[in-house]
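K.L.:
Below is one structure. I have some questions about it.
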Amino acid sequence: MTIERVAVIGAGTMGAGIAQVCAQAGWKTNLYDAFPEGLERGMDRIESFWEKGIARGKTTPEQRDEWATMLTPVSDLAEAVSEADLVIEAVPEIPELKHSIFAQLDELAPPHAVLGTNTSSLSIADIAAVTKRPEQVIGMHFFNPVPIMKLLELVQHDRTSQTTIATAQSAGAAMGKTTILVKDIPGFATSRLGVVLGNEAIRMLADGVASAKDIDTAMVLGYKHPMGPLALTDLVGLDVRRDILLNLQRSFNDDAYAPHPLLERLVSEGRLGKKTGKGIYDWSSGQAEETSLE
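Per the working numbering, residue 69 is the first one in the sequence shown, and the count goes up by one each step.
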């Protein structure tokens, strides 16, 4: 299937990044959010990314202007998806919210449209089950920051069609992503590995094994990770990581996936990472600075 029009549902950090790469791929892209202030922040985030690219000599003003013509903020869901060939949902990891949105998408999107979800841990089959087109539903798990990270994890459930998989793979390639295809098992491949590493790093920090910076440096220099697990947890969001762990704990009935108490405490205190200015690190300066966890 040829993709010409895309709708992205949710204008948070992930949704804005997905909309950006869709526009850069040359598709007419509608970015939708239920909250006007969220939609405005998402558009501002994209514009800021493009401006920084120009300042660094990686993007030209002409490219930015061309991409901007492909991107439209939309505050009505029906309008956003009415002509879409591909819809990508990127709302918070709340099952009831995603199910509600997919039930609406099933009614509002064109019959041929592929419906993708950016969930990092929830069951694709359960999401697909609320629609009358489960064969057209697929997991499309992007990574933050979306415009930079090259991986796109595609997640197929038992009823995902080969046409849907091929369309998602083609879309990933057009966005400059390398795709992997995994089965619909809790945590998929990336989240299951990533959150376990991050949770263990938090355990080491709580046990006083080393400072956050030194734990992260160990993984960056010793294992060639582009970013340490604690800084990455701050970037993704401590609440997101906690929710993925809880989902894995429930799905596998295995307390090995239980979030460490330090992670739970930081979430309860509203220290969610870079998006709130403070998490495991202090991000108020724009960089990860050591901070007290007391």
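Note that beta-carbon positions come from the ideal geometry of N, C-alpha and C, so glycine has one too.
Please list the terminal residues of the continuous alpha helix (DSSP H) segment that includes Leu176.
P.N.:
Here the alpha helix (DSSP H) through Leu176 covers Pro163 to Leu176.
K.L.:
Going by DSSP in three states, Gln237 sits in which element: helix, strand or coil?
P.N.:
Gln237: helix per DSSP, three-state reduction.
K.L.:
Let me check understanding here. Comparing Cα to Cα, which of His293, Asp226 and Pro213 lies closest to Ile195?
P.N.:
Taking only the C-alpha atoms, the option nearest Ile195 is Asp226.
K.L.:
Answer yes if the segment 241 to 252 comes into contact with the segment 277 to 290, meaning at least three C-beta pairs across the two stretches below 8 Å, and no otherwise.
P.N.:
Segments in contact, no.
K.L.:
Give the DSSP bridge partners of Met208, in chain order.
P.N.:
In the DSSP output, where bridge partners are listed per residue, Met208 has Leu222.
K.L.:
Can the beta-carbon of Leu190 be found closer than 8 Å to that of Pro160?
P.N.:
No, they are not a contact pair.
K.L.:
With the cut-off set at 8 Å, would you say Pro297 and Asp284 are in Cβ contact?
P.N.:
Yes.
K.L.:
Would you decide whether Pro327 is buried or exposed? Buried here means 16 or more other CB atoms lie within 10 Å of its CB.
P.N.:
Burial call: buried.
K.L.:
Rounded to whole angstroms, what is the Cα-Cα separation between Glu119 and Thr127?
P.N.:
If you take the alpha carbons of Glu119 and Thr127, they lie about 8 Å apart.
K.L.:
Quick one: give me the first and last residue of the alpha helix (DSSP H) that Tyr349 is part of.
P.N.:
Segment: none, Tyr349 is in no alpha helix (DSSP H) and carries neither H nor E.
K.L.:
So the candidates are Glu358, Lys346 and Tyr325; which of them puts its Cα closest to the Cα of Leu303?
P.N.:
When each option's Cα is compared against that of Leu303, the closest is Lys346.
K.L.:
Do the segment 146 to 160 and the segment 73 to 85 meet, that is, are 3 or more Cβ pairs less than 8 Å apart?
P.N.:
Flag = yes, the segment 146 to 160 and the segment 73 to 85 touch.
K.L.:
DSSP beta-bridge partners for Glu357?
P.N.:
According to DSSP, Glu357 bridges with Asp350.
K.L.:
Using the Cα positions of Met287 and Leu249, report the straight-line distance between them to the nearest angstrom.
P.N.:
Distance between the alpha carbons of Met287 and Leu249 is about 26 Å.
K.L.:
Below 8 Å, how does it come out for the segment 136 to 144 and the segment 179 to 190: are there three or more Cβ pairs, yes or no?
P.N.:
Contact between the segment 136 to 144 and the segment 179 to 190 is absent, because fewer than three Cβ pairs lie under 8 Å.
K.L.:
Pairs of beta-carbons, one from the segment 252 to 265 and one from the segment 312 to 327, closer than 8 Å: are there three or more?
P.N.:
Result yes; three or more Cβ-Cβ pairs closer than 8 Å.
K.L.:
Between Thr228 and Ile206, which are expected to be in contact by the criterion C-beta below 8 Å, what is the C-beta distance as a whole number of angstroms?
P.N.:
Right, the Cβ-Cβ distance comes to about 5 Å (below 8 Å), so this counts as a contact.
K.L.:
From Met208 to Ile233, what distance separates their C-alpha atoms?
P.N.:
Distance between the alpha carbons of Met208 and Ile233: 10 Å.
K.L.:
In angstroms with no decimal places, state the Cα-to-Cα distance between Val198 and Ile312.
P.N.:
Near 22 Å, if we compare the C-alpha coordinates of Ile312 and Val198.
K.L.:
In three-state terms, what does DSSP make of Lys251?
P.N.:
Three-state result, Lys251: strand.
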